[in-house]
Amino acid sequence: MKLLLLLAAAACAAAQSFSQRGFLESTGVFYPQTAPNDSGLAVGESLFRYEAFYKLTDLRFAAGIDARFDTHQQTDRSLDPSWFDRTRRRQPLAVRTFNATYTHGKLTFEAGKQLIRWGKADILTPTDRFAPSDFLNVVESDFLPITAARLTYGTQSNTIDLVFEPRLTPSRIPLLNQRWGTPIPIAEAAPDFPGAPQYGARWNHIGAAAEFSFSFYNGFDHLPLFRLTPAFALQRFYPQLRMYGADAAIPLGPVTVKSEAAYFTSTNPQSDEYVLYVLQLERQAGEWSFVAGYAGQAVTDHRSTLGYSPIRGFTRSIVAHASYTIDTNRSISVDAVIHQNGQGEWVRAQYTQAFGQHWRATAGFAIIRGNAADFIGQYNRNSHALLTLRYSF
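Using my numbering, the letters of the sequence shown map in sequence onto residues 17 to 409.
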């Protein structure tokens, strides 16, 4: 908050170096069916996000906050501000970004709370290890910022990216007593968070015929495993994880081929060792954009007995995305994930329309079908319609 006040004061003296943006968004989610552990049929959510930026020659400062409220207690009712996003519920007041960026020639250094994305695939990105997510609603997830230092050195052809994260930011998983959680009553102990840091490196090369990269990560999984405590309560813990990854994009005339793969290994005896991979085709045709491919998984050493990973749960699937820009104000999109065994299917369609410079409405629906033993199929009572109204400034 102090940085926001500093940026506002600096804007009075040098308005050309100060910028700001934000939005107020309200969303209604409507379910036609109840769930075994949730009789609610409608959820209302509101989000206010404000971001401010100030630039001083080679330095750039950024700060942003999120203020939330919902009708289903997915947002905590306390007013304590959140920094590390380690709470089960969303916080009503949270720091979204708070960082400083130094740029000099080919070198960029950014420190503080920020969003970091790796990989080239679209619907599933195996190498995206510094991008925990909010999975309270599994199919409408959002990425969470992390506190990290990032050093990037880039030329026209080659970029080296180094990341150091001193403290794990975990993904937020569904609440146990709501429809995206489990219908089985379970006592939950306080989570066991690791104390060591995470770090990683990525080298990206843009060549004449293709773009590709290699990446490495060492730290902890931001998605949990579970263990039973002596008091017969379930406890989340986050196992050590090491990743070796690669991705590539190859333009081939009418289509672009994208591939991405990562091998995950762990010193924890309860954590699986496995490979995640994606192969997809991408095509732009006028106002249409198409993506279609396959997301796979190969377990090389099965060890875990109980965990929660939407990333792995959406593999062994055909994945697809299509979007059409009707005009400057209107667009439609469709996303789909269909398990190869036919036991789980998720399809989402959305229509977006802008009204003037500030207003935008989005209407859509998601259909989920499948077997209760399947990761996607277990949510077969969670099909829903969605309506969002956003005012941006």
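Backbone N, C-alpha and C define an ideal beta-carbon position, used for all residues, glycine too.
Cβ neighbour criterion (16 or more within 10 Å) applied to residue i
i	result
S325	buried
V11	Outside the shown range of the chain, which is 17 to 409, sits residue 11, and nothing can be said about it.
D208	exposed
D177	buried
A24	Unreliable placement is indicated for A24, whose pLDDT of 48 sits below 50; the coordinate value is still reported in the next sentence. A24 should be labelled exposed.
L75	exposed
F236	buried
R37	exposed
S94	exposed
T163	buried
S173	exposed
P97	exposed
Q214	buried
I200	exposed
H337	buried
N398	buried
D158	exposed
N345	exposed
A137	buried
F463	Limits of the chain in this structure are 17 at one end and 409 at the other, which puts residue 463 out of reach.
H120	exposed
A220	Reading the sequence as shown, one finds Asn at residue 220 and not Ala. Flag for N220 reads buried.
First and last residue of the uninterrupted beta strand (DSSP E) at residue i
i	result
I189	First-last for I189: undefined, no H or E at that position.
N115	L109 to H120
R406	H400 to S408
A382	W375 to G386
F306	W304 to D317
Y47	Unbroken run through Y47: none, as it is neither H nor E.
R65	A58 to L72
D390	From DSSP, D390 is part of no beta strand (DSSP E); its letter is neither H nor E.
E181	N174 to E181
L75	L75 to D86
Residues of its chain near residue i, where Cβ-Cβ distance is below 7 Å and the 5 sequence neighbours each way are ignored
i	result
D317	D288 and E289
D144	R133, W134 and G135
V59	V45, D86, T87 and H88
V271	L297, E298 and R299
P161	R112, T113, K129, Q130 and L131
R319	P285, Q286, S287 and D288
V154	P190, W196, P326 and Y395
V179	I132, F146, A164, R166, Y215 and G216
P52	P199
A127	N115, A116 and A165
Spatial neighbours of residue i in its chain, beta-carbon cut-off 8 Å, leaving aside the 5 residues before and after
i	result
K122	Y169, G170 and T171
S339	W304, S305, S347, I348, S349 and V350
L244	L250 and Q251
F248	A203
A206	Q251
T321	Q286
L72	S33
H400	V45, F46, Y47, P48, F381 and A382
G223	S173
Beta-bridge pairing of residue i - partner residues as DSSP gives them
i	result
L241	F253 and G323
I162	Q130
D92	Beta-bridge pairing links D92 to no other residue.
V350	A338 and A365
F232	A217 and Y260
V291	Y279 and A314
Y169	L123 and I176
E298	T272 and V307
S149	F159
K39	Looking at the sequence shown, residue 39 is not Lys but Phe. Paired residue(s): R65 and S408.
Residue i Cβ short of 7 Å to the ligand FMN heavy atom set
i	result
F253	As for the ligand FMN, it is missing from this structure, which has no ligand bound.
Residues near residue i in its chain [Cβ-Cβ closer than 6 Å; skip 5 each side]
i	result
G380	A365, Q366 and L402
S35	F69
V353	F330, S333, V335 and W362
Q194	D54
G323	L241
A311	L140, V294, T331, S333 and V335
G269	none
R84	L63, T91, R106 and P108
A27	For A27, the predicted model reports a pLDDT of 45, less than 50, meaning its position is unreliable; a value from the coordinates is still stated below. Contacts found: F34.
T124	T168
G393	Q359, G360, G386 and N387
M259	R145, Y233, A278 and F280
D101	L160 and T185
S42	S62 and L405
I266	A226 and V273
D291	Per the sequence shown, the amino acid found at residue 291 is Val instead of Asp. These residues qualify, in order along the chain: Y279 and A314.
S408	F39 and H374
Closer than 8 Å to chain B by CB, residue i
i	result
L268	Chain labels in this structure do not include chain B; a single protein chain is all it has.
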